[in-house]
Amino acid sequence: MKIERFEDLVDWTRHTHEHLSRCLGRSAAKHEETRAQWLLTYIADHEKALASTVARIEQHADPKALHTWICDYLERNPVLRNQPCDKPYAQMSVEDISREIFTVHNQVIDLYRSLARRAEIDGARDLANELLDLEQHETMRMAQQVGRINEM
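Everything in the sequence shown is counted per my numbering, starting at 251 for the first residue and increasing by one.
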C-alpha cells in the first residue's frame, strides 16, 4: 500500500489491525498452550474492535486533514519494520507473542507521535493526536489484560 496522505495512513492503520486480527485468530486455533490460545483470541478480538474504531474516526475526520501529504516523513521512516503475521504466532510463547504485538503497537504509536509533532495543518495535527491517543489508550488497555493472562 502506497502511503502519501493521511487518509492512506489511516487506511493502512485500519488494514494493519484487521490483518493482525485475522492472523492472530487463525493462530489461536493452532496453538497447543491454553494461555496462548486465550491471549491470541483476546488480542485478535481487540484488534478487530480497534480497526472498527479507526474506521469510525476516518469517517468523521476533517477532509482537509485526510488529504494532507505525509510522504516526506514516511520515506525516511518505514511504517513497520516487521509486518504483522510474519511471525509463527502458533508456535510462540505467551511472552514472545506479547513482545511482538507490543512492538507493532509501539511502532504505530511512534509514527503518530512524530506526525502529531510535525503536522503543519491544525486538522492534520488533531487527527494525528486523536489516532495517537487511541493507539496509546488501547495499547495500555491491552497491556493490562496481557498482564492478567500472565498472572494465571
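Cβ atoms here follow ideal geometry from the backbone N, Cα and C, with glycine treated the same way.
On a predicted model such as this, the values are computed, not experimentally measured, just so you know.
Per the Cβ contact rule, the stretch 262–270 is in contact with the stretch 301–313 (3 or more Cβ pairs under 8 Å). Judged by pairs of C-beta atoms under 8 Å, the stretch 253–260 does not touch the stretch 281–293, as fewer than three such pairs exist.
A straight-line Cα-Cα distance of about 33 Å links D383 and K280. Taken atom to atom, the span from the alpha-carbon of L377 to that of E308 is near 9 Å. The shortest C-alpha to C-alpha distance from C273 to any of T318, A340, Q386, H387 is the one to A340. Per the C-alpha coordinates, the member of W319, A315, S343 positioned closest to S277 is S343. If you draw a 10 Å sphere on the C-beta of E283, you find fewer than 16 other C-beta atoms in it, and that means exposed. Across the set D261, D295, K314, the C-alpha of K314 shows the shortest separation from the C-alpha of E370.
For E380 against H355, the beta-carbon gap comes to about 16 Å, at or over 8 Å, which does not count as contact. Considered as a whole, the stretch 324–397 harbours 344–368 as its complete alpha helix (DSSP H) runs of no fewer than 4 residues, in chain order. Contact check for T318 and A374: beta-carbon distance about 4 Å, within the 8 Å limit, so the pair qualifies.
By alpha-carbon distance to T389, the top candidate from A366, S271, V358 is V358.
Counting along the chain, K252 sits inside no alpha helix (DSSP H), nor does DSSP assign it H or E at all. For G275, same chain residues with a beta-carbon under 6 Å away, outside a window of 5 residues either side, are A294 in chain order. In chain order, H267, L270, S271, L274 place their CB closer than 7 Å to the CB of E297, counting only its own chain and leaving out the 5 sequence neighbours on each side.
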